Amino acid sequence: MLARVTSLRLWLLVAMVTSSIVGLGGAFLVGSKIDQSSERSADTARALQVARTIANQVQAGAGVTRLAALQDVLVNDRLTVRRGGAKVFEGPARTGRGFELRVRVPFTGGVVELADYTGPHSTRTTLDLTLITAGVLVLVIAAAILAATLVTRAVRGPVGRAIDAAERLSHGELSARMGSSGPEELVKLGRAFDGMATRLERADRDQRQFLADVAHEIATPLNTISGFGLALADGVAQGETQRAEARALIETETERLHDLLSDLRELTRLDLTEGVRLAPVALAPFARELVTRFAPAAANAGVELSLSVRANQILSDRRLLETVASNLLSNALRYTPEGGSVEVHLRQHRGRVVLMVRDNGVGIAPEHQQRIFERLYRVDSARNRATGGSGLGLAIAQRAAQSLGGHIELESAPGRGSEFRLVLPTANPRASREAGISSPA
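Our numbering numbers the first residue of the sequence shown as 1134 and each following residue consecutively.
Next comes the structure, spelled out in structure tokens:
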């Protein structure tokens, strides 16, 4: 790249020199034409003046002797006088030279003709014009060389940093940055490059943290299962009470491990961009089935669960829609204390379908509200483990919402509960007609 920039400067210099040579040649030709035109105009005026003077003298009675004397004075001209149609006088021809112009001046009874032979031309105007053009072109070449040098210096630095940063990044050094300096276009390139590198570094860090968290989440139930399993096998757990407690813990941790692996599989499936299968979804039956499925869990937790539906149908993927709704509802039940309430509202308005899950539980602090959709992010690790959450539910819900072309909104405050809203666009009119979807009342 840098070699090309230098080569471009050389080619620019060659182009300027070539243009200068062509310009000088053109200036010389134009100057010559100007000289010839100027001299021709001057010669014509002079010849007319001389011819008028001679005509006046002939009319006044000048004879052949006087005309011969005048011809001797006119070195580059040939004088011819006609009277009554007859040639009275004609000067000698100038051999080896052609006529440049002819003028005729009539007088009473005749006419005076003056033929101007080709003479030497002045080159003063041509030379002056050529010198002026040459001076201007020299200044242009100098300015072009200076501009090319400045541009090359301005470009070489940022381009060199970009090459170095790209090479370091390709070798795994994700902290490499290009910086933003130089021409505006390279400043934009530097910002875009550094933004990309920052995102790569963050993604790498998040991936490492995610893998570490997964390993930790899997290790905890495995250690419990292994420990109590050995206790049962070795007879360390004596008595029916201890054995029952061991079996209960093994079953609980096994279920927890099963849930974690299921969530990981679901998240992996979404990350692999599994195809979205669109079909008409009747929203009222869908919402009732969802609430019916979670009613026993709500009753066991002592939480009141209510439903409100004002929507008809939507063209969507039912499986992904259930994934989002189930995760939002289970999350609300998990963090709503006994005696609390969870409300599910489904609305269809102005080209959007909004599934809202509202609770009056513990709420979420503002500093955590953006990060709770990250994988395995825990506002309070001890609380998550106590409630049995894998830490992947909201990440799965967000990813599924994106697959459906929608997003999840959140409003929450500590001690005042949370409100999660799944916002989805309804199908376009043509797709709705083809799928047989009716408009909301």
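Cβ coordinates follow ideal geometry from the N, Cα and C atoms, glycine included.
In this text the structure is predicted, and so the values were computed from the model without any measurement.
task: Check whether the Cβ of R1554 lies closer than 8 Å to any Cβ atom in chain D.
output: The structure shown contains no chain D; it is built from a single protein chain.
query: Is it the case that the Cβ atoms of T1213 and E1246 are separated by a distance below 8 Å?
result: Position 80 of the sequence shown, counted from the start, is the residue given in the question as residue 1213. Position 113 of the sequence shown, counted from the start, is the residue given in the question as residue 1246. In this structure, E1246 lies closer than 8 Å to T1213 by Cβ.
message: With the cut-off set at 8 Å, would you say F1427 and L1440 are in Cβ contact?
response: The residue labelled residue 1427 in the question sits at position 294 within the sequence shown. The residue labelled residue 1440 in the question sits at position 307 within the sequence shown. The answer is no: Cβ separation not under 8 Å.
task: For the region 1291-1311 and the region 1320-1332, state whether three or more C-beta atom pairs, one from each stretch, are separated by less than 8 Å.
output: These segments touch.
field: Three-state class that DSSP yields for L1481 in the structure shown
entry: Counting from one through the sequence shown, the residue named residue 1481 turns up at place 348. In the sequence as presented, Leu is not what sits at residue 1481; that position holds Gln. For Q1481, the secondary structure class from DSSP, reduced to helix, strand or coil, is strand.
query: How would you write the range of the beta strand (DSSP E) that R1554 sits in, first residue to last?
result: Along the sequence shown, read from residue 1 onward, the residue named residue 1554 stands at position 421. Where R1554 is concerned, the enclosing beta strand (DSSP E) stretches over G1550 to P1558.
- prompt: How would you call S1359, buried or exposed, if buried means at least 16 neighbouring beta carbons within 10 angstroms?
  reply: For the purposes of this step, residue 1359 is identified with residue 226 of the sequence shown, where counting begins at 1. By the neighbour-count rule (16 or more Cβ atoms within 10 Å), S1359 is not buried but exposed.
message: Let me make sure I understand the geometry here. Which of G1473, E1544, Q1192 and L1461 has the alpha-carbon closest to that of R1532?
response: On the sequence shown, position 399 is the one that residue 1532 refers to. Ranking G1473, E1544, Q1192 and L1461 by Cα distance to R1532 puts L1461 first.
- request: Let me know if L1423 comes out buried or exposed under the rule of 16 or more other beta-carbons within 10 Å of its beta-carbon.
  value: Indexing the sequence shown from 1 puts residue 1423 at position 290. By the neighbour-count rule (16 or more Cβ atoms within 10 Å), L1423 is buried.
message: Could you compute how far the alpha carbon of R1451 sits from the alpha carbon of R1310?
response: Position 318 of the sequence shown, counted from the start, is the residue given in the question as residue 1451. Position 177 of the sequence shown, counted from the start, is the residue given in the question as residue 1310. If you take the alpha carbons of R1451 and R1310, they lie about 44 Å apart.
field: Pick from N1445, T1387 and L1200 that is closest to G1484, judged by C-alpha positions
entry: Along the sequence shown, one-based indexing puts residue 1484 at 351. The option with the nearest alpha carbon to G1484 is N1445.
query: If you drop the 5 nearest sequence neighbours on each side, which residues of the same chain put their C-beta closer than 7 Å to that of A1184?
result: Walking along the sequence shown from the start, residue 1184 turns up at place 51. These residues qualify, in order along the chain: V1236, V1238, V1245 and L1247.
- prompt: Using CA coordinates, which residue listed in S1536, I1505 and P1558 is at the minimum distance from L1543?
  reply: The sequence position of residue 1543 within the sequence shown is 410, counting from 1. For the residues S1536, I1505 and P1558, the minimum Cα distance to L1543 belongs to I1505.
task: Please state if the CB of P1354 and the CB of E1386 are separated by a distance shorter than 8 Å.
output: Along the sequence shown, one-based indexing puts residue 1386 at 253. Along the sequence shown, one-based indexing puts residue 1354 at 221. Yes, the pair counts as a contact, with Cβ atoms nearer than the cut-off.
- request: With a 10 Å radius around its C-beta and 16 neighbouring C-beta atoms as the bar for buried, classify N1433 as buried or exposed.
  value: Working through the sequence shown from its first residue, we reach residue 1433 at position 300. Its Cβ having fewer than 16 others within 10 Å, N1433 is exposed.
Short Cβ contact (8 Å threshold) for V1477 with A1431: On the sequence shown, position 344 is the one that residue 1477 refers to. On the sequence shown, position 298 is the one that residue 1431 refers to. The answer is no: Cβ separation not under 8 Å.
- prompt: Within 10 angstroms of its Cβ, does G1526 collect 16 or more other Cβ (buried), or is it exposed?
  reply: In the sequence shown, counting from the first residue as 1, residue 1526 sits at position 393. Residue environment: G1526 is assigned as buried (16 or more neighbouring CB atoms within 10 Å of its CB, all protein chains considered).
- prompt: Looking at C-alpha atoms only, which residue of F1553, A1546, R1338 and N1493 is the closest neighbour of V1436?
  reply: Locating residue 1436 in the sequence shown gives position 303, counting from the first residue. When only C-alpha atoms are compared, the closest one is N1493.
- prompt: Which class does L1302 belong to by DSSP, given the choice of helix, strand or coil?
  reply: The residue labelled residue 1302 in the question sits at position 169 within the sequence shown. Three-state DSSP puts L1302 in a helix.
message: Bridge partners for M1489 per DSSP, in chain order?
response: Locating residue 1489 in the sequence shown gives position 356, where the first residue counts as 1. Partner(s): H1478 and R1554.
- prompt: What are the boundary residues of the alpha helix (DSSP H) that A1226 is part of?
  reply: Walking along the sequence shown from the start, residue 1226 turns up at place 93. Note, A1226: premise wrong, no alpha helix (DSSP H); not H, not E.
task: Work out the CA separation of Q1535 and G1290 for me, nearest whole Å.
output: For this step, residue 1290 is matched to residue 157 along the sequence shown. For this step, residue 1535 is matched to residue 402 along the sequence shown. C-alpha separation (whole angstroms): 41 Å.
message: Just to check my reading of the structure: F1361 and L1382 have Cβ atoms closer than 8 Å, yes? What is that Cβ distance to the nearest angstrom?
response: As a working note, residue 1361 is residue 228 in the sequence shown. As a working note, residue 1382 is residue 249 in the sequence shown. Contact between F1361 and L1382 holds, with the beta-carbon distance rounding to 5 Å and staying under 8 Å.
- prompt: Where does D1210 sit, in a helix, a strand or coil, going by DSSP?
  reply: Counting from one through the sequence shown, the residue named residue 1210 turns up at place 77. If DSSP states are grouped into helix, strand and coil, D1210 belongs with the strands.
field: Own chain partners of G1242 with C-beta closer than 7 Å, once the 5 adjacent residues on each side are dropped
entry: What you label residue 1242 is simply residue 109 of the sequence shown in a count that begins at 1. Beyond the five residues adjoining it in sequence on each side, G1242 comes within less than 7 Å, by CB distance, of R1216 and G1217 in the same chain, given in chain order.
task: Could you tell me if V1457 is buried or exposed, where buried requires 16 or more neighbouring beta carbons within 10 angstroms of its beta carbon?
output: What you label residue 1457 is simply residue 324 of the sequence shown in a count that begins at 1. When all chains shown are included, V1457 counts as buried.
- prompt: Helix or strand or just coil, what does DSSP make of P1239?
  reply: Reading the sequence shown from its first residue, position 106 is the one you call residue 1239. The answer is strand: DSSP assigns P1239 an E or B state.
message: Considering Cα atoms alone, identify which of N1464, L1279, R1480 and L1411 is closest to A1420.
response: Reading the sequence shown from its first residue, position 287 is the one you call residue 1420. Of the residues N1464, L1279, R1480 and L1411, the one whose Cα lies closest to the Cα of A1420 is R1480.
- prompt: Which first and last residues belong to the beta strand (DSSP E) in which S1536 is found?
  reply: Residue 1536 sits at position 403 when you count from the first residue of the sequence shown. DSSP places S1536 outside any beta strand (DSSP E); the residue lies instead in the alpha helix (DSSP H), whose first and last residues are G1526 to S1536.
query: So what's L1394 in DSSP terms, helix, strand or just coil?
result: By 1-based counting over the sequence shown, the position of residue 1394 is 261. Of the three classes helix, strand and coil, the one that applies to L1394 here is helix, per DSSP.
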